[in-house]
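What follows is a set of notes on a single structure, which appears directly below.
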Amino acid sequence: MSKNHDELPLPDYDQMALGDLRHRIRSLDAEQLEAVMVHEAGHAARVPVLELLEARQRELEAGAQPSGGDPTRAPGVAGADGGSPVQEVTAADPGARAGSAGHTKQRRT
Numbered sequence: 001m002s003k004n005h006d007e008l009p010l011p012d013y014d015q016m017a018l019g020d021l022r023h024r025i026r027s028l029d030a031e032q033l034e035a036v037m038v039h040e041a042g043h044a045a046r047v048p049v050l051e052l053l054e055a056r057q058r059e060l061e062a063g064a065q066p067s068g069g070d071p072t073r074a075p076g077v078a079g080a081d082g083g084s085p086v087q088e089v090t091a092a093d094p095g096a097r098a099g100s101a102g103h104t105k106q107r108r109t
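Numbering-wise (full-length UniProt numbering), the sequence shown opens with residue 1 and increments by one.
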């Protein structure tokens, strides 16, 4: 059975981006990594995440050592700001025509 979210060795695990997870799992030992793998397989079952976890498991089996540091003391995951950086002043001119250079008819003003 999988561990409760609060019992996982990585705080905020379910909110981590794949790139963050790639670095954070390096501090886990085989038992901690297994707990995360069981949780992932039983919940979101994201293929890229499972592949990443399995690759790290193979590294540990081949003799890799967990990196130093306490994964529970790592900074929390910040949420995305959301929204679009596009503003009306940076938007394309709605009257502009798309086309190849030299083949677009000039707009009449």
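Virtual Cβ for every residue (Gly too), placed ideally from N, Cα, C. The model shown is predicted, which means the values in this text are computed figures rather than measured ones.
- For Asp12, no alpha helix (DSSP H) run applies, since DSSP gives it neither H nor E.
- Its chain contains Leu60 as the residues whose beta carbon lies nearer than 6 Å to that of Ala30, once the 5 sequence neighbours on both sides are disregarded; these appear in chain order.
- Taking each of Pro48, Pro11, Val47 and Arg46 in turn and checking the Cα distance to Leu28, the smallest one comes out for Pro11.
- Following the DSSP letters along the chain, one finds Gln32 inside the alpha helix (DSSP H) bounded by residues Ala30 to Gly42.
- At a Cβ-Cβ threshold of 8 Å, Met37 and Arg24 do not count as neighbours.
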